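The sequence shown begins at 236 in my numbering and counts up one residue at a time.
We treat Cβ as the ideally placed atom computed from N, Cα and C, and that holds for glycine.
Note that this is a predicted model, so its numbers are computed, not measured.
Right, one structure below, let's go through it.
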Amino acid sequence: MPDQTLLHPLQILRRQLQLRLRGWQCAGCLIWLGAIFCLLAWWEKFFQLTERQALLSVAAVSVV
236 MPDQTLLHPL
246 QILRRQLQLR
256 LRGWQCAGCL
266 IWLGAIFCLL
276 AWWEKFFQLT
286 ERQALLSVAA
296 VSVV
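See the structure below:
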């Protein structure tokens with residue numbers, strides 16, 4: 236009998252921990268997705284800047 240009374244609260248705690256871990260995994264997943272999105276946005280801006288610089292250098296060479 237004492238084993239069953241001890242197991243029941245432990246099972247409840249285990250289930251609560253599993254739910255919390257799932258919540259953290261979901262939050263971690265969203266954080267990773269946000270970081271990847273920001274990185275892609277930065278990458279696109281970086282390439283736009285380099286593309287503009289390339290166009291400006293081509294324009295400068297063609298003027299000279």
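| query | result |
| --- | --- |
| CA-to-CA distance, Q288 to Q251, given in whole angstroms | 55 Å |
| Per-residue burial, C261 [other beta carbons within 10 Å of its own, 16 or more giving buried] | exposed |
| Between the CA atoms of I271 and F282 - distance to the nearest angstrom | 16 Å |
| For L252, three-class secondary structure by DSSP | helix |
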